[in-house]
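*Asks:* Numbering (our numbering), first residue to last: 672 to 930. For every residue, glycine included, the Cβ atom is placed at its ideal position computed from N, Cα and C. Keep in mind that this is a model prediction, so the values were computed, not measured. Mind having a look at this structure? Questions to follow.
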Ligand SMILES: Nc1ncnc2c1ncn2[C@@H]1O[C@H](COP(=O)(O)OP(=O)(O)O)[C@@H](O)[C@H]1O
Ligand SMILES: [Mg+2]
């Protein structure tokens with residue numbers, strides 16, 4: 672059971688100590704990491720994924736429930752509580768989607784075979800291009816692959832910590848992902864340039880020059896702004912899907928209510 676993940680400060684790119692005492696992340700929390708390209712966002716979530724112990728370029732250390740994670744947790748993929756999905760994540764195996772999930776479910780000792788279709792159904796909530804159980808995982812599009820892996824991380828991997836590195840413009844419905852994950856008691860961390868994701872998450876970590884320079888909690892004005900932005904984003908999403916499906920855009924479509 673993860674009650675808290677603690678990040679202890681490391682060094683910025685110039686070798687100066689980061690200016691925070693410790694950064695705690697709790698189950699049920701949605702977190703975004705923002706900052707310019709090269710500011711160390713991927714390095715920070717990699718530290719979490721590796722459960723760094725001063726042995727990465729940042730020299731950070733990461734604790735689980737206040738203590739040092741043992742080697743079993745750090746190095747055994749079956750006990751690893753963390754799933755990381757990036758834009759480059761691909762499945763390299765000559766299996767169908769169904770077989771791929773079956774093997775993972777078996778390795779996690781899940782007997783109930785319904786989990787396979789549940790995972791595919793969940794993945795299909797995250798993508799407009801429907802995934803079929805017989806499709807080989809190697810021919811899934813980028814958006815389908817990420818949707819499948821997120822659904823797999825939620826249901827089969829049951830990972831309590833999910834790290835997503837700049838997946839926004841990658842053919843997935845991020846609002847659905849946030850909505851579903853919010854209702855599980857997971858820690859989800861988005862590295863993002865997307866204003867909707869940044870404003871939907873409750874905590875925002877700001878990076879500069881390889882260091883965490885601020886941690887902000889969503890304020891009330893941002894919560895309201897997020898709602899407006901969300902509606903706009905849904906509208907854009909709907910138009911995108913209609914255009915993709917070869918439809919014409921009509922005035923009714925522009926006035927669909929998302930409230
Ligand atoms: N604190 C740090 N100390 C030393 N090198 C760092 C630090 N943070 C990031 N880097 C290095 O800087 C480069 C850019 O960082 P990266 O995490 O990829 O940035 P971003 O994901 O924000 O674009 C990488 O090579 C990374 O290893
Ligand atoms: Mg990056």
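Count the other C-beta atoms from every protein chain shown that fall within 10 angstroms of the C-beta of residue 860, then say buried if there are 16 or more, exposed otherwise.
*Replies:* Along the chain shown, one-based indexing puts residue 860 at 189. So residue 860 counts as buried.
*Asks:* Residues in its own chain within less than 8 angstroms of residue 749 by CB, not counting five upstream and five downstream?
*Replies:* For the purposes of this step, residue 749 is taken as the residue at position 78 of the chain shown. So the qualifying residues of the chain are 778, 779.
*Asks:* What alpha helix (DSSP H) runs, 4 residues minimum, are completely inside the segment 834-906?
*Replies:* Taking only runs of at least 4 residues, the alpha helix (DSSP H) segments lying wholly in the segment 834-906 are 845-853, 866-871.
*Asks:* Based on the DSSP secondary-structure assignment, which residues constitute the bridge partners of residue 695?
*Replies:* As a working mapping, residue 695 is identified with position 24 in the chain shown. DSSP output for residue 695 lists 677 as bridge partner(s).
*Asks:* If you pair each beta-carbon of the segment 822-841 with each one of the segment 849-869, do three or more pairs fall below 8 angstroms?
*Replies:* The segment 822-841 is in contact with the segment 849-869.
*Asks:* In this structure, what does DSSP give as the bridge partners for residue 688?
*Replies:* As a first step, residue 688 must be located in the chain shown, where it is residue number 17. According to DSSP, residue 688 bridges with 682.
*Asks:* Using a Cβ-based criterion (distance less than 7 angstroms to any ligand heavy atom), does residue 708 qualify as near ligand 1?
*Replies:* Counting from 1 along the chain shown, the entry for residue 708 is found at position 37. Within the cutoff, so yes.
*Asks:* Secondary structure at residue 796, three-state DSSP: helix, strand or coil?
*Replies:* Counting from 1 along the chain shown, the entry for residue 796 is found at position 125. The answer is helix: DSSP assigns residue 796 an H, G or I state.
*Asks:* How long is the line joining the alpha carbons of residue 894 and residue 911, rounded to whole angstroms?
*Replies:* Sequence index remark: in the chain shown, residue 894 carries index 223 (1-based). Sequence index remark: in the chain shown, residue 911 carries index 240 (1-based). Going from the Cα of residue 894 to the Cα of residue 911 covers about 25 angstroms.
*Asks:* What first and last residue would you give for the beta strand (DSSP E) that runs through residue 703?
*Replies:* Residue mapping note: residue 703 aligns to position 32 of the chain shown, counting from 1. Run containing residue 703: 701-705, per the beta strand (DSSP E) assignment.
*Asks:* According to DSSP, simplified to helix, strand and coil, what is residue 927?
*Replies:* The residue you call residue 927 lines up with position 256 of the chain shown. DSSP places residue 927 in coil when its eight states are reduced to three.
*Asks:* Do you know offhand how far residue 874's Cα is from residue 825's?
*Replies:* Position 203 of the chain shown holds residue 874. Position 154 of the chain shown holds residue 825. Distance between the alpha carbons of residue 874 and residue 825 is about 21 angstroms.
*Asks:* Could you work out which residue in 673, 674, 689, 672 is closest to residue 878 when comparing CA atoms only?
*Replies:* Within the chain shown, the letter at position 207 stands for residue 878. Nearest option by C-alpha distance: 689.
*Asks:* Looking only at C-alpha atoms, which of 886, 865, 887, 781 sits nearest to residue 904?
*Replies:* Taking the first residue of the chain shown as 1, we reach residue 904 at position 233. The shortest Cα separation from residue 904 among 886, 865, 887, 781 belongs to 865.
*Asks:* What do you reckon, is the C-beta of residue 711 under 7 angstroms from a heavy atom of ligand 1?
*Replies:* Position 40 of the chain shown holds residue 711. Residue 711 Cβ: within cutoff of ligand 1.
*Asks:* To the nearest angstrom, how far is the alpha carbon of residue 702 from that of residue 872?
*Replies:* For this step, residue 702 is matched to residue 31 along the chain shown. For this step, residue 872 is matched to residue 201 along the chain shown. Their backbone Cα atoms lie some 5 angstroms apart in a straight line.
*Asks:* Using 10 angstroms around the beta-carbon of residue 693, count the other beta-carbons present and answer buried if the total reaches 16, otherwise exposed.
*Replies:* Counting from one through the chain shown, the residue named residue 693 turns up at place 22. Exposed, by the Cβ-count rule.
*Asks:* If the criterion is Cβ atoms closer than 8 angstroms, does the pair residue 804 and residue 768 meet it?
*Replies:* Sequence index remark: in the chain shown, residue 804 carries index 133 (1-based). Sequence index remark: in the chain shown, residue 768 carries index 97 (1-based). A contact, by the Cβ cut-off of 8 angstroms.
*Asks:* Looking at the structure shown, is residue 940 part of a helix, part of a strand, or coil, going by DSSP?
*Replies:* Residue 940 is absent from the structure shown; the chain starts at 672 and stops at 930.
*Asks:* Excluding the five sequence neighbours on either side, which residues of its own chain have a C-beta within less than 8 angstroms of the C-beta of residue 775, listed in chain order?
*Replies:* One-based indexing of the chain shown puts residue 775 at position 104. Cβ neighbours of residue 775 beyond the five flanking positions: 823, 827, 828.
*Asks:* Between residue 837 and ligand 2, is there a pair consisting of the residue's CB and a ligand heavy atom that are separated by less than 7 angstroms?
*Replies:* As a first step, residue 837 is located in the chain shown; it is residue number 166 there, counting from the start. True, at least one ligand heavy atom lies under 7 angstroms from that Cβ.
*Asks:* Can you tell me where the beta strand (DSSP E) with residue 734 in it begins and where it stops?
*Replies:* As a first step, residue 734 is located in the chain shown; it is residue number 63 there, counting from the start. Per DSSP, residue 734 belongs to the beta strand (DSSP E) from 732-735.
*Asks:* Excluding five sequence neighbours on each side, which residues of the same chain lie with their C-beta closer than 6 angstroms to the C-beta of residue 734?
*Replies:* The count along the chain shown starts at 1 and reaches residue 734 at position 63. If we look at residue 734 and ignore the five residues flanking it on each side, its Cβ neighbours are 677.
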